[in-house]
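> Below is the structure I would like to discuss, written out as structure tokens.
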Amino acid sequence: MKIFFLHLVPRKSSKPNGIKCSACYNVHDISCDPVLLTCTGTETKCVEVIGIDNPIFLIFAMGCATETACNLKNISILNNIKIRTYCVEQSGGDPR
3 MKIFFLHLVP
13 RKSSKPNGIK
23 CSACYNVHDI
33 SCDPVLLTCT
43 GTETKCVEVI
53 GIDNPIFLIF
63 AMGCATETAC
73 NLKNISILNN
83 IKIRTYCVEQ
93 SGGDPR
């Protein structure tokens, strides 16, 4: 007899939490044209993400994150892309 355990991940809250962060994504440069994003649930920090695969491939992103997610150092994702995340100040309303 086999017994299986099912671990359910709690559903992410879509309720706004009052935090607003600049958000954007670019795969060629460490800059992008941000828009203002309303954070939800436990995403109480604003984050910047830098990812490098080799000197040619670069990823830059900004947005909302949990405190844990905005302090990742040298994590490998996808096809061995190394990422590092940084907590940044929340936006004051104008994303630029």
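If you read the sequence shown in our numbering, its first letter stands for residue 3, the second for the next number, and so on. For glycine and all other residues, C-beta sits at the position ideal for the given N, C-alpha and C. These numbers were taken from a predicted model, which means no experiment stands behind them.
So, for D55: in the same chain, excluding its five sequence neighbours on each side, which residues have a beta-carbon less than 6 Å away from its beta-carbon?
Same-chain partners within the cutoff: I83.
> Compare the Cα-Cα distances from M64 to each of E45, I79, L80 and I58 and report the closest residue.
Considering only alpha carbons, the answer is E45.
> Please tell me whether N19 and G43 are closer than 9 Å, where the distance is taken between their beta carbons.
It is a contact, given that the beta carbons lie within the stated cut-off.
> Candidates S16, L80, I58 and Q92: which alpha carbon is nearest C72's?
When each option's Cα is compared against that of C72, the closest is Q92.
> State the DSSP-derived secondary structure class of N73, mapped to helix, strand or coil.
DSSP places N73 in helix when its eight states are reduced to three.
> Considering Cα atoms alone, identify which of L39, T40 and A25 is closest to S33.
Out of L39, T40 and A25, A25 has the C-alpha closest to the C-alpha of S33.
> Roughly how many angstroms lie between the CA atoms of S16 and V37, to the nearest whole one?
Going by the C-alpha atoms only, they are around 19 Å apart.
> Taking the continuous beta strand (DSSP E) assigned at K47, which residues delimit it?
Residues K47 to I54.
> Please go through the same chain and pick out, in chain order, the residues whose beta-carbon is closer than 6 Å to the beta-carbon of L74, but skip the five residues on each side of it.
Counting only Cβ-Cβ distances below 6 Å, and skipping sequence neighbours, we find T87.
> Residue range of the beta strand (DSSP E) that P18 falls in?
It spans P18 to N28 - the beta strand (DSSP E) in which P18 sits, taken as one unbroken run.
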